[in-house]
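Okay, so here's the structure we're looking at.
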Amino acid sequence: MTARYGIPYWGNYINSDMRPEDARSMCPLHPDTEVIVRGRRQGQLHVRTIHDVYHTAREGIQYEVLFNGRWLPGRVVSVPTEGCREFTLSNGTRVALDLRHEQPVKRGRGRPIELLTAAEIREGMYLPFNATPLGDQQDNYDAGFAVGAFLGDGSYDEGALNYALNNEGKEARVARRLHNFFTRNGFAVSQDPQQRQVVLLRVGGSGNAAEAWMAQFVAGRNASQKALTARAFQMGHNFLRGILDGWYATDGGNRGRIYTISEHLCRDFAILCGLLGLGYRVDLQGDARAGRYEGKAFTLKFHNRTSYGRHFFYEDGFWWYPVVSIRPLDHDGLVYCFAVDSEEHLFQLANGLITHNCRLRLDNRELRRRLGGLFAAAPLTGSVGVVTINLPRLAYLAEDEADFHLRLERLMEIARTSLEIKRKMLENLTERGLYPYSRHYLEAVKRQTGAYWSNHFSTIGLLGMNEACLNLLGVGIAHPEGKALAVRTLNFMRQVISRFQEETGNLYNLEATPAEGASYRLARADRKRYPNIRTAGTPETPYYTNSTHLPVSYSDDLFEVLEHQDELQTLYTGGTVLHIFLGERLHHGKQARRLVRLITENYRLPYFTITPTFSICPVHGYIPGEHFYCPYEHTAEELARYGV
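Last residue of the sequence shown? That's 646 in our numbering, and every number before it is there in order.
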């Protein structure tokens, strides 16, 4: 378990309050993934790749993203990829996710929603699409209807607009509706009297006014090039609904089908349905309905039912479509992750897919754990500094517990001042380029929060709770009264740190600081100044016991130690670890496995190490058990080399 066998350290994700998902909070998307964003200043809606959003955000533009018809603040961060996969769904859409990306899924109708990484998603699992329409309800439905009808059966003619419609049924009604709309808005509308089977509407005006009006919303001059402009998507729910209805009325069939030869309009149809909360499907139909056009033809369908076999269903407020194929993507660059300020941690892609995001904000009243295990190796976080408080001296000088806590709070205030000064200094020096690697590494945090070190904690720790109990109560931390004092003290420190966090807006945590050198230095200094203070060790080599641990060599009973430390260890929000020295050898790795499982299933302490008794031979290395002499044979040359 040591030496070349690795670090004997375990994180308890079974009974502790740590969550595995906190250690993998990134949800990266392929750079070509299109997202719907809105500029926070101008309020304009854009459909862009997440790569482009990232690079425009670097220029100071702030964006909002969409979820359940609401706009939420969001920013993009970039990370190196760990591999990407493309998922094709039954509605014809494709999405490319980094293997770490977390995605809500269902395994079938009536099943619970799960959060799986892209690496865990399999064919047949269902992914959610938006079913909540955009909240904007401006009264511009008829204008949107005119734009949609132009997508279906409209064309430009020397600055004017032409609509070619059947002179019967629903298209005749469409013609009357278009005539009324354009006339009402000051355009000149005429109809070719020679056409009996077809209504040929011509919409003109002063100069190129009619064409200029339509060009705000429709790009491209022929059927295969037509597409909606960014401005069309900015016009709100009623306008977008009008587009879909006008398009369906002029270029549609029955049961919600629309036909097109424009790949651009396939994409725009998916965006429309996503914004309107409609379930949809895009099918490639060859050139079956394309006449003399040689190329692709598509059938676009929006749903008028809530389920259809295994193809889709509506449930829990979303449309759900199954994954029909998965393939790896050859991408070795950066991937991008949206951080969204919401409780759901979800947002909507341009095609309507609902997906997970990175977390943006922490509740300043809530103490959070520093992630990344024993060495805080989670990305983009850590501590800006650590202040360790000498509890035995406070206890020795205090008259009672209330005085002890009063003195402790006063020192914690000083610690806060010190840590805030250091944070400001560190931020300033980083801004000036004196920490070039850290500046580059924390660049995404700077864009997201406005400060390089805002994801880092200010850490306050403690030393010598056992000796503090001896000096204040006359009993050690192993005594029930001593343990009760330790619990009250840790809870008191958590309350003070929570206040610091709320007042400063910066992250604080409570840590069982290792205090390797301080445990001896502080005890020796206290013995010189206060000869009667109680310490561990001897008068010549005094020391203080680390944090709230039991005294060294207090017990050979592993489970007595676990029972005692379980409540204390869980009160820390920064680093803490319980070192378990077995005092005997482990004969097989399965023994360690059983012991780890026993501890994690019955105790809540977050981290612990296991160290069996072992010996080291300079020739044979790691040897299980305690051996004063190596049990293996040595050559005369080896013995001579080591002076034996």
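Glycine included, C-beta positions come from ideal geometry on N, C-alpha and C.
Buried or exposed by the 16-neighbour rule on C-beta atoms within 10 Å, applied to R283: For the purposes of this step, residue 283 is identified with residue 281 of the sequence shown, where counting begins at 1. Result: buried.
In terms of DSSP beta bridges, what is Y228 paired with? As a first step, residue 228 must be located in the sequence shown, where it is residue number 226. According to the sequence displayed, residue 228 carries Lys and not Tyr. Paired residue(s): none; K228 is not in a bridge.
Residue nearest to H103 in terms of C-alpha spacing, selected from L230, R72, V337, G150: For the purposes of this step, residue 103 is identified with residue 101 of the sequence shown, where counting begins at 1. Ranking L230, R72, V337, G150 by Cα distance to H103 puts V337 first.
Starting from the C-beta of F377, find all residues in its chain whose C-beta is less than 6 Å away, skip the five residues before and the five after it, and write them out in chain order. In the sequence shown, residue 377 corresponds to position 375, counting from 1. The predicted model places F377 with a pLDDT of 43, which falls under 50 and marks its position as unreliable; any figure quoted below should be read in that light. Correct list: empty, nothing qualifies.
Any 3 or more C-beta pairs closer than 8 Å across the stretch 45 to 57 and the stretch 28 to 35: yes
With distances taken between CB atoms, is the gap from L246 to C275 smaller than 9 Å? As a first step, residue 246 must be located in the sequence shown, where it is residue number 244. As a first step, residue 275 must be located in the sequence shown, where it is residue number 273. Yes, the Cβ-Cβ distance between L246 and C275 is below 9 Å.
Which residue wins for smallest C-alpha separation from S208, given the options S555, R531, A162, R223? For the purposes of this step, residue 208 is taken as the residue at position 206 of the sequence shown. Nearest option by C-alpha distance: A162.
Taking all protein chains shown into account, decide if E628 is buried (16 or more other Cβ within 10 angstroms of its Cβ) or exposed. As a working note, residue 628 is residue 626 in the sequence shown. Exposed, by the Cβ-count rule.
Between A211, Q64, A166, which lies nearest to A187 when the distance is taken from Cα to Cα? Position 185 of the sequence shown holds residue 187. The displayed chain sequence assigns Asn, not Ala, to residue 187. Checked all of A211, Q64, A166; the closest Cα to N187 is A211.
Could you check whether the stretch 178 to 186 touches the stretch 146 to 153, counting it as contact only if at least three pairs of C-beta atoms, one from each stretch, sit closer than 8 Å? yes
With DSSP collapsed to three states, give me the class of H53. Residue mapping note: residue 53 aligns to position 51 of the sequence shown, counting from 1. It is helical.
Which residue's Cα is closest to the Cα of T543: L421, D100, R526, P533? Here residue 543 refers to the residue found at position 541 of the sequence shown. Answer by Cα proximity: R526.
Would you kindly check if the distance between the Cβ of W321 and the Cβ of K108 is under 9 Å? Position 106 of the sequence shown, counted from the start, is the residue given in the question as residue 108. Position 319 of the sequence shown, counted from the start, is the residue given in the question as residue 321. Going by C-beta atoms, K108 is not nearer than 9 Å to W321.
Per the contact definition of three or more C-beta pairs closer than 8 Å, is the stretch 479 to 487 in contact with the stretch 435 to 452? no
Classify E628 as helix, strand or coil using the three-state DSSP reduction. Position 626 of the sequence shown holds residue 628. Looking at E628 - three-state DSSP - the assignment turns out to be coil, as it is neither helix nor strand.
Inter-stretch contact (C-beta, 8 Å, three-pair minimum) for the stretch 38 to 48 and the stretch 110 to 121: no
In whole angstroms, give me the CA-to-CA distance for A251 and Y261. Stepping through the sequence shown from its first residue, residue 251 is reached at position 249. Stepping through the sequence shown from its first residue, residue 261 is reached at position 259. Cα-Cα distance, rounded: 11 Å.
Name, in chain order, the residues that DSSP records as bridge partners for H358. Indexing the sequence shown from 1 puts residue 358 at position 356. Its beta-bridge partners are L348.
DSSP state of S385, grouped into three classes? Walking along the sequence shown from the start, residue 385 turns up at place 383. Correct three-state label for S385: strand.
Flag H551 as yes if its beta-carbon sits less than 9 Å from any beta-carbon of chain B, otherwise no. Within the model displayed, chain B is absent; a lone protein chain is all it includes.
Using the rule of at least 16 other Cβ atoms within 10 Å of the residue's Cβ for burial, across every protein chain shown, is P82 buried or exposed? Translated into positions along the sequence shown, residue 82 becomes position 80. So P82 counts as exposed.
Distance between T308 and F152 (C-alpha atoms, nearest Å): Numbered from its first residue, the sequence shown carries residue 152 at position 150. Numbered from its first residue, the sequence shown carries residue 308 at position 306. The alpha-carbon atoms of F152 and T308 are separated by roughly 30 Å.
With a threshold of 8 Å, are at least 3 pairs of Cβ atoms found where one atom belongs to the stretch 443 to 450 and the other to the stretch 401 to 420? no
N511, DSSP secondary structure in three states: Stepping through the sequence shown from its first residue, residue 511 is reached at position 509. Three-state result, N511: strand.
Report the partner residues of Y128 according to the DSSP bridge assignment. Locating residue 128 in the sequence shown gives position 126, where the first residue counts as 1. Answer is K108, P324.
Do V49 and F235 have their C-beta atoms closer together than 9 Å? One-based indexing of the sequence shown puts residue 49 at position 47. One-based indexing of the sequence shown puts residue 235 at position 233. Cβ atoms of V49 and F235: closer than 9 Å.
Can you tell me whether DSSP reads A486 as helix, strand or coil? Sequence index remark: in the sequence shown, residue 486 carries index 484 (1-based). DSSP places A486 in helix when its eight states are reduced to three.
Given this structure, state the Cα-to-Cα distance separating G319 from W73, to the nearest angstrom. Here residue 319 corresponds to residue number 317 of the sequence shown, with the count starting at 1. Here residue 73 corresponds to residue number 71 of the sequence shown, with the count starting at 1. Whole-angstrom Cα-Cα distance: 18 Å.
Same chain, Cβ closer than 8 Å to Q227, neighbours up to 5 away in sequence not counted: In the sequence shown, the residue the question calls residue 227 occupies position 225. Result list for Q227: A221, S264, H266, in chain order.
Give the straight-line distance between the Cα atoms of I625 and F459, rounded to the nearest whole angstrom. Translated into the one-based positions of the sequence shown, residue 625 becomes position 623. Translated into the one-based positions of the sequence shown, residue 459 becomes position 457. The alpha-carbon atoms of I625 and F459 are separated by roughly 41 Å.
What three-state label does DSSP hand N392 in the structure shown? Reading the sequence shown from its first residue, position 390 is the one you call residue 392. If DSSP states are grouped into helix, strand and coil, N392 belongs with the strands.
Just the Cα atoms here: how many angstroms apart are R175 and L167? What you label residue 175 is simply residue 173 of the sequence shown in a count that begins at 1. What you label residue 167 is simply residue 165 of the sequence shown in a count that begins at 1. The straight-line gap from Cα to Cα measures roughly 10 Å.
Beta-carbon proximity list for R243, same chain, < 7 Å, skipping 5 on both sides: Numbered from 1 along the sequence shown, position 241 holds the residue referred to as residue 243. Excluding residues within five positions, the ones whose Cβ falls inside 7 Å are Y143, G146, L278.
Inter-stretch contact (C-beta, 8 Å, three-pair minimum) for the stretch 517 to 526 and the stretch 490 to 506: no
In DSSP terms, what L31 is bridged to: What you label residue 31 is simply residue 29 of the sequence shown in a count that begins at 1. According to DSSP, L31 bridges with L99, Y338.
For N548, which beta-bridge partners are listed by DSSP? For the purposes of this step, residue 548 is identified with residue 546 of the sequence shown, where counting begins at 1. L465.
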